[in-house]
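Asks: Please find one structure pasted underneath; my questions will follow.
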Amino acid sequence: MSGALSTSLASRALFLAVDLDGTFLGGSDEDRAELYGLIETRRSEIALAFVTGRDIPFASALAGTHGTPEPDLIIGDVGTSVVVGPHWQPHAETERWIDSRWPGTSDAEAIMSRRTKLKKQDIFGGRRLSYFYDDAVEAEAAAVEIDAAGYAALTSADLYFDVLPRGVNKGETLLKLLEHERLPHERVLCAGDTMNDLSLFETGLKGVAVGNAEPRLREAIADFDNVYRATRAGAGGILEAIAELRMLPQSHATKETA
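Sequential numbering from 39 applies to the sequence shown in our numbering.
Here it is in C-alpha cells:
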C-alpha cells in the first residue's frame, strides 16, 4: 500500500519543510511552544513536512510529544525515505525514484569496513549507510573512495558520515515530491542548521538557516539570496523567517523586537 498526500496541501499558504534536531526541535521552550501553537492554530493554512536525518520510526513517534504537531509527511533518512501521514505509508513515486538511484550496500560496506576509525551507527533506515566520525582526515579519505564507487558521501555536524545514493539528498527528494504532487514552490519554506540541510537551500526554494546553524553551513550559503539568516535559534529562527518573509497572511509569528 502506498501513501497519498491530501489534496488540500496544494492550497495551503505555507509548506513548511523542517529539519528536526537543532531546528524544529531546537530553540527555547517558549519559541517551540509559539511555533507549534501557530501551526496547530492555522493548520488549514500550513502544511508540515519533517525533513530529517533521523529514521522514520523516530520522526513519526514525535507527534504529540511535548506539543509537537503531527506532520503531513516525513522525508527521513537524509532524503532516502518518504512516507505520508497519518499511517506513514511510502510515497510510491518518490521512493521508486530513490530505489532507481541506490546501487545497494555491498560495495560501500566493503569500502567502509577498511575505514575502522568510522563507526557504523546502530540505528538508521532508508537506502543509506550511516557512521559516526571524529577524524576529519579519515572521513575525507573515505568520502573520496565512496564517491569514486558511485555513491555520495555526506558529512555534517563534524560527527555524521552518510553514504547515500548519488543525486539523492534532502533537497532533491523534496523537489521530486513537489514535482509529483504539483505543489507550488513559492509557498515552500525550508529550515535547517547543519550541512545535511545544505541541499535544501541548494534547491532555490526559500529557506532559513536558524541562528544556531553550524559555521560550515553558514559559510556554504554565504552567497545564497534565497536563504534568510535568522538570529534566533531553532524554532525561534523559523518564526522569525515566517514573519520576515511574510509566508503567512497577516502573520504574527514572531514578536516585535525593540
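Glycine included, each C-beta is placed from N, C-alpha and C at the ideal position.
Would you report the Cα separation of Pro287 and Asp59, rounded to the nearest angstrom?
Replies: The residue given as residue 287 occupies position 249 in the sequence shown. The residue given as residue 59 occupies position 21 in the sequence shown. Their backbone Cα atoms lie some 28 Å apart in a straight line.
Asks: Following the continuous beta strand (DSSP E) through Val182, name the residue where it begins and the one where it ends.
Replies: For the purposes of this step, residue 182 is taken as the residue at position 144 of the sequence shown. It is not in any beta strand (DSSP E) - Val182 instead sits in the alpha helix (DSSP H) that spans 174-186.
Asks: Going by alpha carbons, who is nearest to Ala148 out of His125, Tyr171, Ala180, Gly117?
Replies: On the sequence shown, position 110 is the one that residue 148 refers to. Taking only the C-alpha atoms, the option nearest Ala148 is Ala180.
Asks: Could you tell me the distance, in whole angstroms, from the CA atom of Tyr266 to the CA atom of Leu192?
Replies: Locating residue 266 in the sequence shown gives position 228, where the first residue counts as 1. Locating residue 192 in the sequence shown gives position 154, where the first residue counts as 1. Taking the straight line joining both Cα atoms gives about 23 Å.
Asks: Taking only the alpha-carbon atoms, compute the straight-line gap between Gly275 and Leu47 and give it to the nearest angstrom.
Replies: Here residue 275 is taken as the residue at index 237 of the sequence shown, counted from 1. Here residue 47 is taken as the residue at index 9 of the sequence shown, counted from 1. Rounded to whole angstroms, Gly275 to Leu47 spans 24 Å at the Cα level.
Asks: Closest to Asp185 by C-alpha separation, out of Arg165, Gly41, Pro203, Leu227, would be which residue?
Replies: The residue given as residue 185 occupies position 147 in the sequence shown. The shortest Cα separation from Asp185 among Arg165, Gly41, Pro203, Leu227 belongs to Pro203.
Asks: CB-CB under 7 Å to Phe162, same chain, minus the five flanking residues each way: which ones, in chain order?
Replies: Taking the sequence shown and counting its residues from 1, the one referred to as residue 162 is at position 124. Closer than 7 Å at the Cβ level, and outside the excluded window around Phe162, lie Asp93, Asp115, Ser168.
Asks: Span of the beta strand (DSSP E) holding Ser168?
Replies: Taking the first residue of the sequence shown as position 1, residue 168 is located at position 130. From DSSP, the beta strand (DSSP E) with Ser168 extends over 167-170.
Asks: Quick one: what's got a C-beta closer than 7 Å to Ala177's C-beta in the same chain, skipping five residues either side?
Replies: Along the sequence shown, one-based indexing puts residue 177 at 139. Answer for Ala177: Leu156, Tyr171, Thr193, Phe199, listed in chain order.
Asks: So, helix, strand or coil for Pro287, using DSSP?
Replies: Residue mapping note: residue 287 aligns to position 249 of the sequence shown, counting from 1. Reduced to three states, the DSSP call for Pro287 is coil.
Asks: Please classify Ala251 as buried or exposed, where buried requires at least 16 other C-beta atoms within 10 Å of its C-beta.
Replies: Reading the sequence shown from its first residue, position 213 is the one you call residue 251. Buried, by the Cβ-count rule.
Asks: Contact defined as beta carbons within less than 8 Å: I believe Gly230 pairs with Asp57. What is the distance between those atoms, to the nearest angstrom?
Replies: In the sequence shown, residue 230 corresponds to position 192, counting from 1. In the sequence shown, residue 57 corresponds to position 19, counting from 1. About 4 Å separates the two Cβ atoms, so the contact holds.
Asks: Could you compute how far the alpha carbon of Ser237 sits from the alpha carbon of Thr211?
Replies: Along the sequence shown, one-based indexing puts residue 237 at 199. Along the sequence shown, one-based indexing puts residue 211 at 173. Taking the straight line joining both Cα atoms gives about 10 Å.
Asks: By how many angstroms is the C-alpha of Glu183 removed from the C-alpha of Ala281?
Replies: Along the sequence shown, read from residue 1 onward, the residue named residue 281 stands at position 243. Along the sequence shown, read from residue 1 onward, the residue named residue 183 stands at position 145. Going by the C-alpha atoms only, they are around 44 Å apart.
Asks: If we ignore side chains and look at the alpha-carbon of each, how far apart do Phe262 and Leu283 end up?
Replies: The residue given as residue 262 occupies position 224 in the sequence shown. The residue given as residue 283 occupies position 245 in the sequence shown. Rounded to whole angstroms, Phe262 to Leu283 spans 15 Å at the Cα level.
Asks: Give a yes or no on contact between the region 91-106 and the region 115-128, applying the rule of three or more CB pairs nearer than 8 Å.
Replies: Yes: at least three Cβ pairs fall under 8 Å.
Asks: Please report the Cβ distance between Tyr74 and Gly105, rounded to the nearest whole angstrom; I am assuming they are in contact, meaning their Cβ atoms lie under 8 Å.
Replies: Sequence index remark: in the sequence shown, residue 74 carries index 36 (1-based). Sequence index remark: in the sequence shown, residue 105 carries index 67 (1-based). Rounded, the Cβ-Cβ distance is 5 Å, consistent with contact.
Asks: Where are the beta strand (DSSP E) runs, 3 residues long or more, that stay fully inside the region 93-130, in chain order?
Replies: Fully enclosed beta strand (DSSP E) runs of 3 or longer: 111-114, 119-122.
Asks: Which one of Gln127, Leu111, His125, Asp196 has the shortest CA to CA distance from Met233?
Replies: Position 195 of the sequence shown, counted from the start, is the residue given in the question as residue 233. Nearest C-alpha to Met233: Asp196.
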